[in-house]
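There are 2 protein chains.
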Amino acid sequence: MTRSLETAMAAAAAAVEAAIAALLPRGSGPEARLHEAMAYAALGPGKRLRPLLLIEAGHVFSVPIEHTAAAAAAIEMLHAYSLVHDDLPCMDDDDLRRGRPTLHRKFDEATAVLAGDALLTLAFEAIARPEVDPDPALRLKLVGGLARAAGACGMVAGQAIDIAAETAPIDLAETRRLQSLKTGALIAFACEAGGLLGRADAGELEALRAYAADLGLAFQIADDILDVEGEEAAVGKRLRKDAAAGKATFVDHLGLAGAKAEAAALARTAAARLASFDERADVLRALAQFIVTRRA
Amino acid sequence: MTRSLETAMAAAAAAVEAAIAALLPRGSGPEARLHEAMAYAALGPGKRLRPLLLIEAGHVFSVPIEHTAAAAAAIEMLHAYSLVHDDLPCMDDDDLRRGRPTLHRKFDEATAVLAGDALLTLAFEAIARPEVDPDPALRLKLVGGLARAAGACGMVAGQAIDIAAETAPIDLAETRRLQSLKTGALIAFACEAGGLLGRADAGELEALRAYAADLGLAFQIADDILDVEGEEAAVGKRLRKDAAAGKATFVDHLGLAGAKAEAAALARTAAARLASFDERADVLRALAQFIVTRRA
Numbered sequence: 151m152t153r154s155l156e157t158a159m160a161a162a163a164a165a166v167e168a169a170i171a172a173l174l175p176r177g178s179g180p181e182a183r184l185h186e187a188m189a190y191a192a193l194g195p196g197k198r199l200r201p202l203l204l205i206e207a208g209h210v211f212s213v214p215i216e217h218t219a220a221a222a223a224a225i226e227m228l229h230a231y232s233l234v235h236d237d238l239p240c241m242d243d244d245d246l247r248r249g250r251p252t253l254h255r256k257f258d259e260a261t262a263v264l265a266g267d268a269l270l271t272l273a274f275e276a277i278a279r280p281e282v283d284p285d286p287a288l289r290l291k292l293v294g295g296l297a298r299a300a301g302a303c304g305m306v307a308g309q310a311i312d313i314a315a316e317t318a319p320i321d322l323a324e325t326r327r328l329q330s331l332k333t334g335a336l337i338a339f340a341c342e343a344g345g346l347l348g349r350a351d352a353g354e355l356e357a358l359r360a361y362a363a364d365l366g367l368a369f370q371i372a373d374d375i376l377d378v379e380g381e382e383a384a385v386g387k388r389l390r391k392d393a394a395a396g397k398a399t400f401v402d403h404l405g406l407a408g409a410k411a412e413a414a415a416l417a418r419t420a421a422a423r424l425a426s427f428d429e430r431a432d433v434l435r436a437l438a439q440f441i442v443t444r445r446a
Numbered sequence: 151m152t153r154s155l156e157t158a159m160a161a162a163a164a165a166v167e168a169a170i171a172a173l174l175p176r177g178s179g180p181e182a183r184l185h186e187a188m189a190y191a192a193l194g195p196g197k198r199l200r201p202l203l204l205i206e207a208g209h210v211f212s213v214p215i216e217h218t219a220a221a222a223a224a225i226e227m228l229h230a231y232s233l234v235h236d237d238l239p240c241m242d243d244d245d246l247r248r249g250r251p252t253l254h255r256k257f258d259e260a261t262a263v264l265a266g267d268a269l270l271t272l273a274f275e276a277i278a279r280p281e282v283d284p285d286p287a288l289r290l291k292l293v294g295g296l297a298r299a300a301g302a303c304g305m306v307a308g309q310a311i312d313i314a315a316e317t318a319p320i321d322l323a324e325t326r327r328l329q330s331l332k333t334g335a336l337i338a339f340a341c342e343a344g345g346l347l348g349r350a351d352a353g354e355l356e357a358l359r360a361y362a363a364d365l366g367l368a369f370q371i372a373d374d375i376l377d378v379e380g381e382e383a384a385v386g387k388r389l390r391k392d393a394a395a396g397k398a399t400f401v402d403h404l405g406l407a408g409a410k411a412e413a414a415a416l417a418r419t420a421a422a423r424l425a426s427f428d429e430r431a432d433v434l435r436a437l438a439q440f441i442v443t444r445r446a
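Chains as they are written, first to last, in the working numbering: chain A, 151 to 446; chain B, 151 to 446.
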């Protein structure tokens, strides 16, 4: 493979951060605080996993990063909003995120709600822009796809189920469904969007979606393993919170060894979903492995 | 004028409520509660002012209500989200809205944050749909316009300034700017969207925007007057809260008589902005007068 995963990750992060910085508002009145909060959430440290997936899915079809970065910025802003709202006191009540105070701790709760709302709104403005793709019909498909992945039958439904699970424990099947909605839907859309920008055909899009489904689940199982085995300093957020909240994780359902085996198996099948693609999919293949071996 | 304002308001409300009901999700799992909360917020009692403006602006160009109701539903869902989040304990902390418990009082705070997020997301999904208009480029223009009106330099900025004003009092000019963002931007977009769907030319769009700017300000001044003179039972929300929160209203800046005079003058100029339109704009003209004489 010509590019290492590390190189690709760094390139995706740099491209998407530049694109986000160009989109963020910079007001001078009393709304300046809101705008600072948006930058704090969207440009803070982060793995930029979803932008990487979109950019690399586009790369499979030779779409240059200069072209995919605009849509990737929209998805990352949407992801950033979801973290801000999930961290709120009335939700997961987290005070640490990516090694820094969560937004409502750094600013205040009202600003956190509003900055999240504004980032969500800006994500839709961003993905509708001509920079994303010259074809208006394709951009509309991205608007609709992003909304479905993020909305009441996607990511927000997953968060609602997650909160409900604190008081009414759920089984393994429902835990899988929760995660496929809460984190899987946006990960799948990131891969699909890269394919759409590359004019992938139906079979190619299906392969990307299958890869994303396995990768998303592997990512979440790895997250649950890190929650048990990880170091807070490296992971950058409070750990062992799920157990305290009474939430059953994949580790609870499968055991630590079982969870590790399932994550590894999913990483292998994720890579195998890309068998019909050439070496331009090597970064996506390497990413599947990285997802389950990361320490943070 | 062939149709009364009352007839037009009832028709707009019925059409937009049917369109919203068709768009709302109806899950059966733990996410059912989220979906119920979305319906509670989007289909509860309300004036449906923004849908009426969009539908009537379209009517000026003979766009039938069957056609404008889809975009109007998107704007009303976006408005509903903004009320849900504005009412949150960390924001305006209201327990009464449109004569019923606010969403976080009826459900819970987490559900209120999530239902707002989901309605905002659904608004963008809705306005991108083919039902809105056959022209993809026009639908993209509506997506971008809605996002700008609702986002960090529009409605959300207005709410941020409003919250900041609780601790740092603002003058009349800044109060006007606050309101032009917090309520004016979406009202203006509603009028503009109706014109766009009717293929209005640049001059016609400008007339609609000017009408909306006057109408939006008149609406807000009337709201402040109602806050002083209104009956809670009729208005359906807690009154006299601004004074308690130390927020300066138009009545504080202009006096009660001055505020009434300004609202009446704005209603007249709003109607005058429509001078170049024929009798199809009569409902919009009547609405300007109604806005400043309403008791609720």
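Note that CB positions come from ideal geometry on N, CA and C, so glycine has one too. Please read these numbers as outputs of a predicted model, since none were measured by experiment.
Asked	Found
Residue from B:Ile371, B:Ala362, B:Ala315, B:Thr157 with nearest C-alpha to Asp242 of chain B	B:Ala315
Residues that DSSP places opposite Ala246 of chain A in a beta bridge	As written in the sequence, residue 246 of chain A is Leu, which differs from the Ala given in the question. Its beta-bridge partners are A:Pro251.
Interface positions of the segment 287–298 of chain B facing chain A (Cβ-Cβ less than 7 Å), listed along the chain	Ala287, Arg289, Leu290, Val293, Gly294, Ala297, Arg298
Assigned exposure category for Gly334 of chain A - 16 Cβ within 10 Å defines buried	buried
Residue-level contact to chain B via CB, Asp245 of chain A, 9 Å cutoff	no
CB contact check: Arg183 of chain B to chain A, cutoff 9 Å	yes
Cβ-based contacts, 9 Å cut-off: residues of the segment 252–280 of chain B near chain A	His254, Asp258, Glu259, Ala260, Thr261, Ala262, Val263, Leu264, Ala265, Gly266, Asp267, Ala268, Leu269, Leu270, Thr271, Leu272, Ala273, Phe274, Glu275, Ala276, Ile277, Ala278, Arg279, Pro280
C-beta contact flag for Arg198 of chain A and Asp432 of chain A at 9 Å	no
Chain A within 9 Å of Ala310 of chain B, Cβ atoms only	yes
Helix, strand or coil at Gly194 of chain B according to DSSP, with G and I counted as helix	coil
Cβ shell of Pro195 of chain B (< 8 Å), same chain only, five flanking positions each side left out	Arg248, Gly249, Arg250, Gly386
Leu416 of chain A CB to nearest heavy atom of the ligand MG below 8 Å	Because no ligand of any kind appears in the structure shown, any question about the ligand MG cannot be addressed here.
Beta carbon of Arg444 of chain A nearer than 9 Å to that of Glu381 of chain A	no
Option in A:Ala409, A:Leu228, A:Gly396 with minimal Cα separation from Arg326 of chain A	A:Ala409
Three-state secondary structure assigned by DSSP to Glu429 of chain A	helix
Segment contact flag, the segment 163–183 of chain B with the segment 420–436 of chain A, C-beta cutoff 8 Å, min 3 pairs	no
Lys397 of chain A - containing alpha helix (DSSP H), residue span	Premise fails: Lys397 of chain A is in no alpha helix (DSSP H) and is neither H nor E.
DSSP-derived helix/strand/coil call for Pro180 of chain A	coil
Span of the alpha helix (DSSP H) around Thr157 of chain B	155–173
Chain A residues whose Cβ lies nearer than 8 Å to that of Thr188 of chain B	Note that residue 188 of chain B corresponds to Met in the displayed sequence, not to Thr. Going along chain A in sequence order, the residues near Met188 of chain B (Cβ under 8 Å) are Ala302.
Burial state of Gly396 of chain B, where buried means 16 or more other Cβ atoms lie within 10 Å	exposed
Partner residues on chain A for Leu238 of chain B, Cβ-Cβ distance less than 7 Å	Val263
Proximal residues of chain A, C-beta to C-beta of Ile313 of chain B below 7 Å	Ala260
Separation of Gln370 of chain A from Gln329 of chain A, as counted between CA atoms	7 Å
Separation of Glu206 of chain B from Arg359 of chain A, as counted between CA atoms	43 Å
Within chain A, partners of Ala307 of chain B - CB distance below 7 Å	Gly177, Glu181, Leu184
Contacting positions in the segment 212–234 of chain B - beta carbon closer than 7 Å to chain A	none
Contact with chain A by Ala318 of chain B, beta-carbon distance below 9 Å	yes
Identity of the residue in B:Ile277, B:Ala394, B:Ala323 nearest His217 of chain B by Cα	B:Ile277
Asp245 of chain A, buried or exposed, once every other Cβ within 10 Å from all chains shown has been counted against 16	exposed
Buried/exposed call for Thr466 of chain A, threshold 16 Cβ in 10 Å	What is shown of chain A runs 151 to 446, which leaves residue 466 of chain A out entirely.
Nearest to Arg448 of chain B (by Cα), restricted to the options B:Phe400, B:Ala398, B:Thr399, B:Ala363	Chain B is shown only over 151 to 446; residue 448 of chain B falls outside these bounds and no answer can be derived.
Among B:Lys291, B:Asp258, B:Tyr190, B:Tyr361, nearest to Leu269 of chain B - alpha-carbon criterion	B:Tyr190
Simplified DSSP state of Pro280 of chain B, which is helix, strand or coil	helix
Segment contact flag, the segment 334–346 of chain A with the segment 293–312 of chain A, C-beta cutoff 8 Å, min 3 pairs	yes
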